[in-house]
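For the sequence shown, my numbering gives the first residue as 327, with consecutive numbering after it.
For each residue, glycine too, the CB sits at the ideal point set by N, CA and C.
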Amino acid sequence: MQLTQASSNELKAIMEIVHQAQLFLASLGIDQWQNGYPDENVILNDIANNESFVVKNNENEIMGIAMFTTRTEPTYKIIEGNWLTSDDAKYGVIHRMAVADKFRSFGIAKFVFRQCEDYLKQNNISSMRIDTHQDNKGMQSLLQKSGYHYCGIIYLANGDKRLAFEKIII
Numbered sequence: 327m328q329l330t331q332a333s334s335n336e337l338k339a340i341m342e343i344v345h346q347a348q349l350f351l352a353s354l355g356i357d358q359w360q361n362g363y364p365d366e367n368v369i370l371n372d373i374a375n376n377e378s379f380v381v382k383n384n385e386n387e388i389m390g391i392a393m394f395t396t397r398t399e400p401t402y403k404i405i406e407g408n409w410l411t412s413d414d415a416k417y418g419v420i421h422r423m424a425v426a427d428k429f430r431s432f433g434i435a436k437f438v439f440r441q442c443e444d445y446l447k448q449n450n451i452s453s454m455r456i457d458t459h460q461d462n463k464g465m466q467s468l469l470q471k472s473g474y475h476y477c478g479i480i481y482l483a484n485g486d487k488r489l490a491f492e493k494i495i496i
């Protein structure tokens with residue numbers, strides 16, 4: 327497996343994985359990604375910012391997707407709780423992670439975490455922050471198994487509540 331930056335010519339495959347993830351979340355009764363988010367414009371913006379990544383296997387199939395950045399996340403400025411690191415600490419963020427149906431349970435999300443965490447270590451960035459829907463128990467479990475600590479509640483720009491997690495990298 328390899329994690330590489332996505333390109334706009336991969337948009338169709340990326341959006342198919344987004345659609346599969348939307349259906350999967352709906353089947354679990356999770357009201358996350360059920361309002362048309364993320365749409366093509368969001369993904370194209372991620373690609374334009376060099377923040378959209380794909381996980382590919384040896385056959386060059388896209389197995390999963392994620393947005394990864396080291397830019398400050400505006401919705402993380404206010405938290406009902408406490409981050410593990412200080413407000414002025416530099417951190418990484420993973421958003422919009424999804425795995426293709428046929429590659430679920432292949433460890434794709436853990437692979438993305440490891441690759442992004444390695445990047446943070448190499449660049450002397452202290453932590454990774456991630457948020458997820460309160461009903462997304464699978465992601466919450468994966469985060470905790472991967473060494474992430476629950477820090478509190480943040481609110482998205484539209485007011486939706488999310489559970490916030492952080493892991494100290496260095």
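Residue span of the beta strand (DSSP E) that contains residue 470, given as start and end:
Taking the first residue of the sequence shown as 1, we reach residue 470 at position 144. It is not in any beta strand (DSSP E) - residue 470 instead sits in the alpha helix (DSSP H) that spans 463-471.
What would DSSP say about residue 458, mapped onto helix, strand or coil?
Mapped onto the sequence shown, residue 458 falls at position 132. In the displayed model, residue 458 falls within a strand according to three-state DSSP.
Report the option in 394, 476, 367, 385 whose CA atom is closest to the CA atom of residue 379.
For this step, residue 379 is matched to residue 53 along the sequence shown. When each option's Cα is compared against that of residue 379, the closest is 394.
CB-CB under 7 Å to residue 496, same chain, minus the five flanking residues each way: which ones, in chain order?
The residue given as residue 496 occupies position 170 in the sequence shown. Excluding residues within five positions, the ones whose Cβ falls inside 7 Å are 447, 450, 452.
Quick one: grab the DSSP three-state call for residue 331.
If you number the sequence shown from 1, residue 331 lands on position 5. If DSSP states are grouped into helix, strand and coil, residue 331 belongs with the strands.
Which residues bound the alpha helix (DSSP H) around residue 339?
Here residue 339 is taken as the residue at index 13 of the sequence shown, counted from 1. Run containing residue 339: 337-353, per the alpha helix (DSSP H) assignment.
Taking the CB atoms as reference points, tell me whether residue 360 and residue 351 lie closer together than 8 Å.
The residue you call residue 360 lines up with position 34 of the sequence shown. The residue you call residue 351 lines up with position 25 of the sequence shown. A Cβ-Cβ contact shorter than 8 Å links residue 360 with residue 351.
What are the partner residues of residue 476, as DSSP defines its beta bridges?
Along the sequence shown, one-based indexing puts residue 476 at 150. Partner(s): 491.
What residue range does the alpha helix (DSSP H) around residue 417 cover?
Here residue 417 refers to the residue found at position 91 of the sequence shown. Per DSSP, residue 417 belongs to no alpha helix (DSSP H); it is in the beta strand (DSSP E), 417-425.
Below 8 Å on the Cβ atoms is my contact criterion, and I expect residue 440 with residue 459 to pass it. Report the Cβ-Cβ distance as a whole number of Å.
Against the sequence shown, residue 440 aligns to sequence position 114. Against the sequence shown, residue 459 aligns to sequence position 133. Rounded to the nearest angstrom, the Cβ distance from residue 440 to residue 459 is 23 Å, too far for a contact under 8 Å.
Identify which residue in 478, 483, 455, 484 has its Cα closest to the Cα of residue 472.
Position 146 of the sequence shown, counting from 1, holds the residue named residue 472. That would be 455, whose Cα lies nearest to the Cα of residue 472.
Please give me, in chain order, every unbroken run of the alpha helix (DSSP H) with length at least 4 that falls completely inside the stretch 364-401.
For the stretch 364-401, whole alpha helix (DSSP H) runs of length 4 or above, ordered along the chain, are 366-374.
Endpoints, the alpha helix (DSSP H) within which residue 444 is located
Numbered from its first residue, the sequence shown carries residue 444 at position 118. Residue 444 -> alpha helix (DSSP H) spans 434-448.
Own chain residues within Cβ distance below 7 Å of residue 376, not counting five before or after:
Here residue 376 refers to the residue found at position 50 of the sequence shown. For residue 376, where only same-chain residues beyond five positions count, the Cβ hits under 7 Å are 331.
Should residue 428 be labelled buried (16 or more other beta-carbon atoms within 10 Å of its own) or exposed?
Here the question's residue 428 lines up with position 102 in the sequence shown. Flag for residue 428 reads exposed.
Going straight from the alpha carbon of residue 362 to that of residue 480, what length do you get?
Working through the sequence shown from its first residue, we reach residue 362 at position 36. Working through the sequence shown from its first residue, we reach residue 480 at position 154. Residue 362 and residue 480 have their C-alpha atoms some 21 Å from each other.
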